[in-house]
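Reviewing the structure listed below.
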């Protein structure tokens, strides 16, 4: 079994170029499917893109409002509440929303 160091990267990019290649995205599970929404580069669109991405998510009929702290976070960001979301800050709420969905939908 192989392992990969968290410091490994195929790309040897200058950190100043990261905003040109990073894009915001959201992945949200529902009804045995996934809603995937992606923005443009952080350099051209900025972190404000998460407001639009979360608005699009929260406006879907399958969005489970108030179901978990993950959904609460997405709703707050869709309303522009608090600091802008970032690529790093959406990971935990995404995982919480996914785990909550999996547990509530589990056939025990």
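Numbering (the numbering used here), first residue to last: 72 to 179.
Ideal placement from N, C-alpha and C gives every residue a C-beta, glycine not left out.
Predicted, not measured: the structure shown is a model, and the values here were computed from it.
Residue from the options with nearest C-alpha to residue i
i	options	result
residue 135	87, 165, 114	165
residue 154	127, 122, 168	122
residue 117	168, 85, 91, 174	91
residue 171	119, 89, 142	142
residue 152	174, 162, 173, 126	126
residue 119	163, 78, 156	156
Other residues of its chain near residue i: CB distance less than 7 Å, five sequence neighbours each side excluded
i	result
residue 124	95, 97, 108, 110
Own chain residues within Cβ distance below 6 Å of residue i, not counting five before or after
i	result
residue 106	99
residue 101	133
residue 169	100
For residue i, the three-state DSSP class (helix, strand or coil)
i	result
residue 149	helix
residue 97	strand
residue 104	strand
residue 175	helix
residue 141	helix
residue 91	helix
Residue i CB to nearest heavy atom of the ligand MN below 7 Å
i	result
residue 166	This structure simply doesn't include the ligand MN, nor any ligand for that matter.
Residues that residue i bridges to, as DSSP identifies them
i	result
residue 155	Paired residue(s): none; residue 155 is not in a bridge.
residue 77	DSSP output for residue 77 lists no bridge partner at all.
Own chain residues within Cβ distance below 8 Å of residue i, not counting five before or after
i	result
residue 129	136, 145, 146, 149
residue 93	112, 113, 158
Extract the residue ranges of the alpha helix (DSSP H) inside the region 106 to 133, only unbroken runs of 4 or more that lie entirely within it. 113 to 116, 120 to 129
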